[in-house]
Structure formats: C-alpha cells, structure tokens
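Residue numbers (the numbering used here), protein chains in the order written: chain D, 164 to 265; chain G, 164 to 265.
Working notes for the structure below.
Protein chains: 2
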Amino acid sequence: MSNLKVRVDKKLLERTAYVLKCVAHPVRISIIDLLEQREQLTVSQLQEVLRIEQSLLSHHLTNMRDKGIVETRREGKHVFYFLTDTSISNIIDCIKGCKAVR
Amino acid sequence: MSNLKVRVDKKLLERTAYVLKCVAHPVRISIIDLLEQREQLTVSQLQEVLRIEQSLLSHHLTNMRDKGIVETRREGKHVFYFLTDTSISNIIDCIKGCKAVR
DNA sequence: CTAATACATGAACATGTATTCATGTGATGT
DNA sequence: ACATCACATGAATACATGTTCATGTATTAG
Numbered sequence: 164m165s166n167l168k169v170r171v172d173k174k175l176l177e178r179t180a181y182v183l184k185c186v187a188h189p190v191r192i193s194i195i196d197l198l199e200q201r202e203q204l205t206v207s208q209l210q211e212v213l214r215i216e217q218s219l220l221s222h223h224l225t226n227m228r229d230k231g232i233v234e235t236r237r238e239g240k241h242v243f244y245f246l247t248d249t250s251i252s253n254i255i256d257c258i259k260g261c262k263a264v265r
Numbered sequence: 164m165s166n167l168k169v170r171v172d173k174k175l176l177e178r179t180a181y182v183l184k185c186v187a188h189p190v191r192i193s194i195i196d197l198l199e200q201r202e203q204l205t206v207s208q209l210q211e212v213l214r215i216e217q218s219l220l221s222h223h224l225t226n227m228r229d230k231g232i233v234e235t236r237r238e239g240k241h242v243f244y245f246l247t248d249t250s251i252s253n254i255i256d257c258i259k260g261c262k263a264v265r
C-alpha cells in the first residue's frame, strides 16, 4: 500500500538469496565455523574434523567456491581453503541469536 | 588436527541451516524487508507490493510461519503477518555486506 | 441464507540440491 | 616411470523445494 516497496534491487535480491542458500547447510556452516578458527585448512584437515566422504566434502567446497564464499591456494599436494570474507561468519552468529532458531 | 572442532552443537547446526534455508529465497527476503518497514501487513497488502499469485504467497508465508520467522494475527477477514523477531533482518544486511554478494 | 472477500491447503508437476560411486588429475617420492 | 597421496569431477540417483491449479474454509455484508 501507498509508498511501500521492497528496498532491495531485484538483482541484489537474487544474488543474496543465491549466496544465502549456499550457507544454509549444516556441513557448509561447519566449514565456515572451522575456517573462522583457522584462517586456512586443507581438504584432509576439514575431512578429519567433519568425518564425511572426501568426495562429498569436495563437492561442498566447490559449491562454496563457485558462490565466492571461499577461495583456494595450492601448496604442493595440498589445497588450502580460506574464507573470502570472514564477515560471512557474522551471519551464523546473527541467526543463532534469532528467536526462530532457539 | 589438534583441538580443532565445530563450535556449534549438531542440533543447533541443523536448526540454523533449516531456518536459514527458509530465508534464502528472493520472495521471502522481500517479505522480511517489507515487514521490517511496516510492523504488520495483510496477505493482500503483501500481494499488492510483490505482485505474485495469492496462492504462492500464501505458501511462502505458511513456510515462514512453520519455521518461526513470522507470526499471524487475524482481524476480521484479514490475517496480519508480522516478524517474530525483527533481528532476523540483520542476516540480510549481513550478507548484503559480504564480498560474495557484491 | 447466499454471495463475496480474504486467505489456506492439497495434489501434481517441474526444478533444484544432496549424496554416492566410479573415475580422473596434479604433485610428490622412489 | 610408477606408485601414491590429495583432491576434483561427472553421472546417476535420491530427496527437497518451488510453483501452479483447483478447491476449501473463515468472516463479513446484504
């Protein structure tokens, strides 16, 4: 009604939903949480903590990289993953504080 | 590796992902944005701004209510929707500020 | 009581996402 | 060169989600 309207531009809205959808998964939230603690971690290190199949983890990581949430650096046989922007982890703290979650 | 572990309990992790997944949709983000501006809105009012089918909107709203993001109050023929916790909109501001989105 | 308004619901279908399994690729050690 | 380690990829399958359409229910007006 009247002068009410969505204050977010449609393109940004879709991009926001797109990235958020990627965050919205237990394994991927865990990865963000771990990368907030360690700066960078290899796939094997993540695997050891998360205890999931290597292939599944790799798919999740590729997914997160496609969305720009993480980036990679290769060092010999190892590939290190790190957060593109550590402020992504604020989202998790944010939602953990919401009534809907508690 | 050493004493590294996910700092979020498994149950909370799943709940967080579950609620986040619900936020992660352009229409539902828009609804949150509108309800941040107006305190409460009827389905028709939302429909007028969003310009989507009544049925689709209703499904989205039911979805959001199931997840505890919104609540309802009936007043005559109208059903008002309002945010359970306005701090949910912080998430959207949060992610909009992230590199991955811009 | 009947019709209209405002909203909800269920089934069907389309589309998207998660997971597994098998296999591929790049780097290193021998 | 070959084996091994660390990781990536693709196809297949299973599962979840979004959307539409038809229909149902609650409330009010006449």
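All C-beta atoms, glycine included, are put in the ideal place defined by N, C-alpha and C.
All values derive from a computational prediction rather than experimental measurement.
Suppose you measure from the CA of residue i to the CA of residue j; what does that come to, to the nearest Å?
{"i": "Asn166 of chain G", "j": "Lys259 of chain D", "result": "23 Å"}
{"i": "Gln248 of chain D", "j": "His241 of chain G", "result": "First, the residue type needs correcting, since residue 248 of chain D is Asp and not Gln in the sequence shown. If I take the Cα positions, the gap works out to 43 Å."}
{"i": "Leu197 of chain G", "j": "Leu209 of chain D", "result": "39 Å"}
{"i": "Cys257 of chain D", "j": "Arg178 of chain D", "result": "19 Å"}
{"i": "Val264 of chain D", "j": "Ile251 of chain G", "result": "10 Å"}
{"i": "Pro189 of chain D", "j": "Ala180 of chain G", "result": "6 Å"}
{"i": "Cys169 of chain D", "j": "Leu176 of chain D", "result": "According to the sequence as given, residue 169 of chain D is Val; it is not Cys. When rounded, the distance between both Cα atoms is 10 Å."}
{"i": "Thr225 of chain D", "j": "Asn253 of chain G", "result": "27 Å"}
{"i": "Ser207 of chain G", "j": "Val206 of chain D", "result": "49 Å"}
{"i": "Val212 of chain G", "j": "Lys184 of chain D", "result": "24 Å"}
{"i": "Val233 of chain G", "j": "Arg201 of chain G", "result": "13 Å"}
{"i": "Arg236 of chain D", "j": "Met227 of chain D", "result": "14 Å"}
{"i": "Leu204 of chain D", "j": "Val182 of chain G", "result": "27 Å"}
{"i": "Asp229 of chain D", "j": "Leu246 of chain G", "result": "32 Å"}
If we cut at 9 Å on Cβ distances, does residue i have a partner in chain D?
{"i": "Ile215 of chain G", "result": "no"}
{"i": "Arg236 of chain G", "result": "no"}
{"i": "His188 of chain G", "result": "yes"}
{"i": "Leu219 of chain G", "result": "no"}
{"i": "Val264 of chain G", "result": "yes"}
{"i": "Gly231 of chain G", "result": "yes"}
{"i": "Lys184 of chain G", "result": "yes"}
{"i": "Val171 of chain G", "result": "yes"}
{"i": "Val242 of chain G", "result": "no"}
Use the C-beta contact count for residue i: other C-beta atoms within 10 angstroms, 16 or more gives buried, fewer gives exposed.
{"i": "His222 of chain D", "result": "exposed"}
{"i": "Gly231 of chain D", "result": "buried"}
{"i": "Ser218 of chain G", "result": "exposed"}
{"i": "Ile215 of chain G", "result": "exposed"}
Is residue i helix, strand or coil by DSSP?
{"i": "Val233 of chain G", "result": "strand"}
{"i": "Glu202 of chain D", "result": "coil"}
{"i": "His188 of chain D", "result": "coil"}
{"i": "Val264 of chain D", "result": "coil"}
{"i": "Leu167 of chain G", "result": "coil"}
{"i": "Glu177 of chain G", "result": "helix"}
{"i": "Glu238 of chain G", "result": "strand"}
Just to confirm, are residue i and residue j a CB contact at a threshold of 9 Å?
{"i": "Ile138 of chain D", "j": "Tyr244 of chain D", "result": "Outside the shown range of chain D, which is 164 to 265, sits residue 138 of chain D, and nothing can be said about it."}
{"i": "Ile255 of chain G", "j": "Val186 of chain D", "result": "no"}
Would you say residue i faces chain G, with C-beta separation under 9 Å as the test?
{"i": "Glu202 of chain D", "result": "no"}
{"i": "Leu224 of chain D", "result": "no"}
{"i": "Lys259 of chain D", "result": "yes"}
{"i": "Lys168 of chain D", "result": "yes"}
{"i": "Val206 of chain D", "result": "no"}
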